[in-house]
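What follows is a short report on a single structure.
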Amino acid sequence: MKITITGSLGNISRPLTQQLVAQGHNVSVISSNAAKADDIKKLGATPLTGSVEDYDFVKQSFQGSDAVYLMIPPNFSAPDYKAFTIAVGKNYAKAVQETGIQHVVNLSSSGSALAGHPPLTNYQNLETWLDELPAINVLHLRPGGFYSNFFGSIGLIKYQGIIGNNFGEDINMVMSHPEDIADAAAAALHTLSFKGKNIQYIVSDTKSGREVAELLGTAIGKPELKWIPFSDEQLLQGLLQNGFSKDAAQHYIVDMGIAIREGLLAKHYQQNTHAITGRRSFAEFAPVFARAYQYGG
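Position 238 (the sequence shown) corresponds to 277 in our numbering; numbering is contiguous.
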């Protein structure tokens, strides 16, 4: 089958591309970075270079595909991140409809069910636009927070000796390994057996901030590492210093932390799923983090 993948060679799209190529599919990968073209070719896929903000490019890329994997790429430096996500989401939905694609696997998120409601009032939900399309089969993948997000804490650990977020160490986080997400997407795209509009939760592990600090600290030789709760303003300022726009930092990071702190995400997951569906535990991720810590920051 001909399958088009968005997300360049990110933490999910790369292993997804590898699996689909190995299964014999004709895979094309969209990337805004022309320098990625050779790497995409080496995986056995066809590179499509352009911006997903360009509707004509998106439509042309989707043309003739049996299925597409959709994700809104991170662009946290965008001054108006909400406008960016709306533009990309609508481009995807319109292109799917106009090219006649029948099967879509959409990378959604843990915040999608709460989108539009406090504290995620400005959180955008690609699910909504896709669900409005008639006679198209859609599978929404809803993972928790990515293990790989903790790579962003390497500098904080190295130079300040702490790790944290705007919620306390006793609060549990629902988390997902990107490769568990890729596995779920690959399984769905290989068979295209899903019909109608569907939601699949992907949970690899649940850990508190304290447990995260203990596992990562032990792996990097800093068993004393502590999880520190930041104020919302402290988190916001830290994100701004690291290149986030204020809009992206507030609505997609700080507000998500508030939703975790207030137990809203945990409550939603408890109501909808009770099982660990991923194969890769957070403890297994700790050595991977340690290797990145050794060479990063």
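C-beta atoms are modelled at their ideal positions from N, C-alpha and C, and glycine is treated no differently.
inquiry  = So, with DSSP's three-state summary, where would you put Gly184?
reply    = Three-state result, Gly184: strand.
Starting from Met212, follow its DSSP beta bridges and name the residues at the other end. Answer by DSSP bridge pairing, in chain order: Lys246.
Which word fits Thr167, buried or exposed, when buried means at least 16 other C-beta atoms lie within 10 angstroms of its C-beta? Around the beta carbon of Thr167, a 10 Å sphere encloses fewer than 16 other beta carbons of the protein chains shown; the residue is thus reported as exposed.
- Query: The alpha helix (DSSP H) spanning Gly203 covers which residue range?
  - Reply: Looking at the DSSP string, Gly203 is not in any alpha helix (DSSP H); the run it does join, the beta strand (DSSP E), is 201-204.
>> For Gly89 and Thr257, what's the separation of their Cα atoms in angstroms?
In response: Those two C-alpha atoms are separated by around 42 Å.
- Taking the alpha carbon of Ser247 as the point to measure from, which residue in Ile140, Ala134, Lys265, Thr230 has its own alpha carbon closest? When each option's Cα is compared against that of Ser247, the closest is Lys265.
| Roughly how many whole angstroms lie between the Cα atoms of Asn205 and His290? | Their Cα atoms are separated by approximately 13 Å.
Is Pro86 closer than 8 Å to Ala74 when the C-beta atoms are compared? No; because the gap between Cβ atoms is not below 8 Å, this pair is not in contact.
For the beta strand (DSSP E) that Thr267 lies in, which residues bound it at each end?
Looking at the sequence itself, residue 267 is Ile, so the reference to Thr does not match. The continuous beta strand (DSSP E) containing Ile267 extends over residues 265-268.
Under the assumption that Asn176 contacts Gly103 (Cβ atoms under 8 Å), give the Cβ distance between them as a whole number of angstroms.
Not really, about 17 Å apart at Cβ, beyond 8 Å.
Review point. When DSSP labels each residue in this structure, what does Pro54 get in the three-state scheme?
Key: When secondary structure is reduced to three states using DSSP, Pro54 falls in the helix class.
| field | At least 3 beta-carbon pairs within less than 8 Å: the stretch 57-73 vs the stretch 224-235 | value | Counting Cβ pairs under 8 Å, three or more are found: they touch.
Is the separation between the beta-carbon of Tyr186 and that of Phe324 shorter than 8 Å? The answer is yes: Cβ separation under 8 Å.
Contact defined as beta carbons within less than 8 Å: I believe Gln99 pairs with Arg181. What is the distance between those atoms, to the nearest angstrom? Between Arg181 and Gln99 the Cβ distance is about 29 Å, and since that is not below 8 Å, they are no contact.
### Nearest residue (CA-CA) to Gly139, options Glu218, Gly207, Ala174, Asn311
Answer by Cα proximity: Ala174.
ask   = Ends of the alpha helix (DSSP H) at Val97?
value = Per DSSP, Val97 belongs to the alpha helix (DSSP H) from 94-101.
Mapping the DSSP letters down to three states, classify Lys285 as helix, strand or coil.
Lys285 falls in the helix class under three-state DSSP.
For Phe115 and Ile297, the rounded distance between their alpha carbons: Each residue's alpha carbon lies about 18 Å from the other.
inquiry  = Do Leu165 and Gln136 have their beta-carbon atoms positioned less than 8 Å apart in this structure?
reply    = Result no, Cβ atoms of Gln136 and Leu165 do not sit closer than 8 Å.
Query - Three-state secondary structure (DSSP) of Tyr108 - result: Looking at Tyr108 - three-state DSSP - the assignment turns out to be strand.
* **Close beta carbons around Phe101, own chain, < 8 Å, minus the five adjacent residues each side** => Here the set comprises Thr43, Val107, Ala134, Val135, Thr138, Ile140.
Report task. Give the range of the alpha helix (DSSP H) segment to which Lys234 is assigned. Result -> Taken as a continuous stretch (DSSP letters only), Lys234 belongs to no alpha helix (DSSP H), as it is neither H nor E.
- Query: Taking 8 Å as the CB-CB cut-off, is Thr85 touching chain C?
  - Reply: Considering every chain present, this structure includes no chain C. It has just one protein chain.
Ser47 bridges to which residues according to DSSP?
-> As far as DSSP is concerned, Ser47 takes part in no beta bridge.
* Name the residue from Asp95, Asp105, Tyr94, Asp93 whose alpha carbon lies nearest to the alpha carbon of Ser67. => Per the Cα distances, Asp105.
Q) At which residues does the alpha helix (DSSP H) containing His307 begin and terminate? A) Its alpha helix (DSSP H) spans residues 303-311.
If you draw a straight line from the alpha carbon of Lys306 to that of Val242, how long is it in whole angstroms?
Here the alpha carbons of Val242 and Lys306 stand approximately 14 Å from one another.
Worksheet item: CA-CA distance, Ser70 and Phe190?
Response: Rounded to whole angstroms, Ser70 and Phe190 show a C-alpha spacing of 22 Å.
Exposed or buried, Asp294, counting other C-beta atoms within 10 Å across all chains shown (16 or more means buried)?
Answer is buried; the Cβ neighbour count reaches 16.
Let me make sure I understand the geometry here. Which of Pro326, Arg300, Ile202 has the alpha-carbon closest to that of Pro157? In terms of CA proximity to Pro157, Arg300 leads the group Pro326, Arg300, Ile202.
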